[in-house]
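To start, the structure itself, in structure tokens.
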Amino acid sequence: MVLEVIAEVVLPFIGRVTGYILFDILGQIIFYSTGYLTLKTVTFGKYPENHSPKNGGNKKENHVIIIGAVIWMLGALVGYTYFGG
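Under the numbering used here, the residue at position 70 of the sequence shown is numbered 72, and the numbers go up by one with no gaps.
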């Protein structure tokens, strides 16, 4: 009975907390920073206007995070193609 409670309540809670923390670390720090630097370089400093990823989760922030994730995926693909495959 105690194991059922742990399996039904505690473990999903730990999984959700871990997922949120990992998403915040990946999304807000790694992907946002990579996307920010990439977009600043490509657009010669015109986009995005501000450097704060904690301003409410607007569309511009999401675009920057998506660009950062795409850059990391392309880097992994190129690395795997040339060095791992």
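Where a beta carbon is used, it is the ideal one built from N, C-alpha and C, also for glycine.
*By how many angstroms is the C-alpha of Ala9 removed from the C-alpha of Ile73?*
Within the sequence shown, the letter at position 71 stands for residue 73. Within the sequence shown, the letter at position 7 stands for residue 9. In a straight line, the C-alpha of Ile73 is about 38 Å away from that of Ala9.
*Opening and closing residue of the alpha helix (DSSP H) in which Ile68 lies*: Working through the sequence shown from its first residue, we reach residue 68 at position 66. Note, Ile68: alpha helix (DSSP H), 61-81.
*Could you spell out the range, first to last residue, of the alpha helix (DSSP H) harbouring Tyr34?*
Taking the first residue of the sequence shown as 1, we reach residue 34 at position 32. Taken as a continuous stretch (DSSP letters only), the alpha helix (DSSP H) holding Tyr34 covers 34-44.
*What span of residues does the alpha helix (DSSP H) with Ile8 cover, start to end?*
Residue mapping note: residue 8 aligns to position 6 of the sequence shown, counting from 1. Unbroken run through Ile8: none, as it is neither H nor E.
*asked:* My assumption, with CB atoms under 8 Å, is that Gly37 sits in contact with Val66. Please give the rounded CB distance.
replied: Here residue 37 refers to the residue found at position 35 of the sequence shown. Here residue 66 refers to the residue found at position 64 of the sequence shown. Confirmed, Cβ separation roughly 4 Å.
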